[in-house]
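See below for the structure under consideration.
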Amino acid sequence: MTSPVQRLFDTCKEVFAAGGPDIVPPAEDVERVKAALDDMKPEDVGLKPDTPYCHIMAADRLPIVARLDLHECDKFSIVIFCLPASSVIPLHNHPGMTVFSKLLFGTMHIKSYDWMVDGSSGTSAVLGNPQIQPSGARLAKVKVNSEFTAPCETSILYPANGGNMHCFTAVTACAVLDVLGPPYCKPEGRHCAYYRDLPFTSFSDAADEASSSSMPEEEREGYAWLQEVPEDFRVVRFPHEGPTIRKDN
Numbered sequence: 021m022t023s024p025v026q027r028l029f030d031t032c033k034e035v036f037a038a039g040g041p042d043i044v045p046p047a048e049d050v051e052r053v054k055a056a057l058d059d060m061k062p063e064d065v066g067l068k069p070d071t072p073y074c075h076i077m078a079a080d081r082l083p084i085v086a087r088l089d090l091h092e093c094d095k096f097s098i099v100i101f102c103l104p105a106s107s108v109i110p111l112h113n114h115p116g117m118t119v120f121s122k123l124l125f126g127t128m129h130i131k132s133y134d135w136m137v138d139g140s141s142g143t144s145a146v147l148g149n150p151q152i153q154p155s156g157a158r159l160a161k162v163k164v165n166s167e168f169t170a171p172c173e174t175s176i177l178y179p180a181n182g183g184n185m186h187c188f189t190a191v192t193a194c195a196v197l198d199v200l201g202p203p204y205c206k207p208e209g210r211h212c213a214y215y216r217d218l219p220f221t222s223f224s225d226a227a228d229e230a231s232s233s234s235m236p237e238e239e240r241e242g243y244a245w246l247q248e249v250p251e252d253f254r255v256v257r258f259p260h261e262g263p264t265i266r267k268d269n
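Counting from 21, one number per residue, gives the positions in the sequence shown under the working numbering.
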């Protein structure tokens, strides 16, 4: 029988064969990858909740995220991130990429954003403001701001929507399996940028507009300004010791 991880690889190989930056696979192919991931269990990739990878601490006692690479080529990558409790994968983007994330075990808080662009749906108070500040901060809309506990469905983000910028915070020790198509590639301009999110009213024009329009507080919380920051994220790579993938078939 074909193992679940082999089935995932074979599916991705077919789905992303003709892919590239900003090319979203057809809906039926997106569903094929999602279905393969929805059925994945920790044991299918050789993990369990008490895996040491989810309990790595630095000398300063800060938790360290472990990365296990299952596969990477110029079309797609399959990777697992193991997060100790309270660890964070900071807010970051996925330029030109379609990304599938499957929480294998544990509880994780996910907050994600999409850029606001001309013609986006929203209140006049939001669209009436400059969408890029002189500081470089850019207006974004919250897509997801919730906790997820495994087992749960695979989440999907796209190049321009679905929560392309997201942050993972481990409520408990957890592991997430990601499929990225295509993967990051600095020479091709797909580098991972990190951001800090600032409240919508951080800038005077936004605050004044919201005040004058009586924009409710809860509605303001649905928007933020994202400002790029230098990369400051510790991750340690480990070899994947789970089921092997036949890549020559």
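Cβ atoms here follow ideal geometry from the backbone N, Cα and C, with glycine treated the same way.
Given the structure is predicted, the values throughout are model-derived calculations rather than measurements.
Whole-angstrom C-beta distance between residue j and residue i, which should lie under 8 Å
{"i": "Val25", "j": "Pro263", "result": "5 Å"}
{"i": "Ala157", "j": "Tyr133", "result": "Incorrect: roughly 12 Å between the Cβ atoms, too far for contact."}
{"i": "Asp42", "j": "Gly116", "result": "4 Å"}
{"i": "Cys194", "j": "Ile109", "result": "11 Å between Cβ atoms; not a contact."}
{"i": "Leu88", "j": "Phe220", "result": "Between Phe220 and Leu88 the Cβ distance is about 37 Å, and since that is not below 8 Å, they are no contact."}
{"i": "Thr192", "j": "Gly126", "result": "5 Å"}
Beta-carbon proximity check, residue i vs residue j, cutoff 7 Å
{"i": "Pro83", "j": "Ser107", "result": "yes"}
{"i": "Ala190", "j": "Ala79", "result": "no"}
{"i": "Cys172", "j": "Leu124", "result": "no"}
{"i": "Glu248", "j": "Tyr215", "result": "yes"}
{"i": "Thr22", "j": "Val53", "result": "no"}
{"i": "Pro202", "j": "Lys95", "result": "yes"}
{"i": "Leu28", "j": "His260", "result": "no"}
Beta bridge counterpart(s) of residue i as assigned by DSSP
{"i": "Gly201", "result": "Thr118"}
{"i": "Lys161", "result": "Asp134 and Tyr243"}
{"i": "Met128", "result": "Phe168 and Ala190"}
{"i": "Val256", "result": "Ala86"}
Residue-level contact to chain D via CB, residue i, 7 Å cutoff
{"i": "Cys32", "result": "The structure shown contains no chain D; it holds only a single protein chain."}
Residue of the options minimising C-alpha distance to residue i
{"i": "Asn181", "options": "Asn113, Pro207, Thr221 and Ser222", "result": "Asn113"}
{"i": "Pro250", "options": "Gln153, Thr192, Ala170 and Leu111", "result": "Leu111"}
{"i": "Leu67", "options": "Val44, Cys102 and Val50", "result": "Cys102"}
{"i": "Gly209", "options": "Gly40, Ser222 and Thr192", "result": "Gly40"}
{"i": "Ala170", "options": "Gln153, Met128 and Gly183", "result": "Met128"}
{"i": "Leu246", "options": "Val255, Phe223, Glu261 and Glu237", "result": "Phe223"}
{"i": "Arg254", "options": "Val35, Met77 and Val50", "result": "Met77"}
{"i": "Thr118", "options": "Gln153, Ile152, Val35 and Gln151", "result": "Val35"}
Segment contact flag, the region 169–180 with the region 79–93, C-beta cutoff 8 Å, min 3 pairs
no
Evaluate contact between the region 51–65 and the region 162–169, counting only Cβ atoms and requiring at least three cross-stretch pairs below 8 Å.
no
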